[in-house]
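If you're matching positions, the sequence shown starts at 255 in my numbering and goes up one per residue.
Glycine included, each C-beta is placed from N, C-alpha and C at the ideal position.
Note that the structure is a prediction, hence the values are computed from the model and not measured.
Comments concern the structure below.
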Amino acid sequence: MRLLLGNLLFWVACGLGCGGCTPQASNDLRLGREVREQLAGAFAGEAIAGIPESFEVFTSMQQWSRFCDLHGIEPVQVDFLTRNLLVAFGGRKPSSGFSVEIESVVHSPRRALLTVQLRGGQPRTEDGTLTVLTYPWDAATIEKGPTWSAVSVRRR
């Protein structure tokens, strides 16, 4: 599933159970060090050069493996029985210093909506940068839990 960054909705099927009626923030967005290091290795160099600025939600190993096969990336093992994998790709940038960060994830059970807040960074003019193509990305996992059928991605 591909979602372009911005205020887009995309219908997906995932999760288990049902939540209450108040929005619930996911405080557990961090990847384990081992998974992050494996992703950094898989996404190194130009491995993700063909992936445009986008946001991806992976809910199964099969879905994740298909994506990795399509882009020639070695799939990293994620516990899809209890977690979903979220990955934000910043696309190709002309120098070092650019970044993308998954800042927060909030689930609104009444609307069955998962809202993801992304923050993008640009090099500061006072910082030196390298003239090299870069491909910023960030990843997080969230617990499988309340069912959601739409994802809203907001960029700040």
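Find the nearest neighbour of residue i within the set the options, judged by alpha-carbon distance.
{"i": "VAL386", "options": "VAL359, PRO377, VAL370, ARG409", "result": "PRO377"}
{"i": "GLU307", "options": "MET315, VAL354, SER350, ASN338", "result": "VAL354"}
{"i": "SER350", "options": "ARG410, THR383, LEU340", "result": "THR383"}
{"i": "ARG409", "options": "TYR389, LEU367, PRO400, VAL359", "result": "VAL359"}
{"i": "ARG373", "options": "ILE356, VAL330, ALA394", "result": "ILE356"}
{"i": "PRO329", "options": "PRO363, ARG320, THR395, LYS398", "result": "ARG320"}
{"i": "ILE302", "options": "ASP392, TRP402, THR336", "result": "ASP392"}
{"i": "GLN371", "options": "VAL407, ARG287, GLY326", "result": "VAL407"}
{"i": "LEU368", "options": "THR401, LEU339, ASP381", "result": "THR401"}
{"i": "SER314", "options": "ALA294, ALA366, ASN338", "result": "ASN338"}
{"i": "THR388", "options": "PHE334, ALA298, GLU291", "result": "ALA298"}
{"i": "GLY326", "options": "GLU300, GLN316, THR336", "result": "GLU300"}
{"i": "VAL405", "options": "VAL289, VAL311, ALA294", "result": "VAL311"}
{"i": "GLN246", "options": "ARG365, ALA366, GLN331", "result": "For the chain, the structure presents residues 255 to 410; residue 246 sits outside this window and is missing."}
{"i": "ALA294", "options": "PRO390, ASP323, THR379, PRO363", "result": "PRO390"}
Taking only three categories from DSSP, how would you classify residue i?
{"i": "VAL289", "result": "helix"}
{"i": "ARG364", "result": "helix"}
{"i": "GLY374", "result": "strand"}
{"i": "ALA303", "result": "coil"}
{"i": "ALA404", "result": "strand"}
{"i": "THR276", "result": "Low local confidence applies: a pLDDT of 48 at THR276 is under 50, so the model's placement there is unreliable, with the coordinate-based value given in what follows. Three-state DSSP puts THR276 in coil, outside helix and strand."}
{"i": "ALA393", "result": "strand"}
Assuming residue i and residue j make a contact with CB atoms under 8 Å, what is their CB distance in whole Å?
{"i": "LEU340", "j": "ALA394", "result": "5 Å"}
Would you say the beta carbon of residue i is closer than 7 Å to some non-hydrogen atom of the ligand HEM?
{"i": "PHE297", "result": "With respect to the ligand HEM, the structure offers nothing, as it holds no ligand at all."}
Contact between the region 335-345 and the region 300-320: three or more CB pairs below 8 Å?
yes
Which whole runs of the beta strand (DSSP E) in the region 310-354 are 3 residues long or more, in chain order?
337-343
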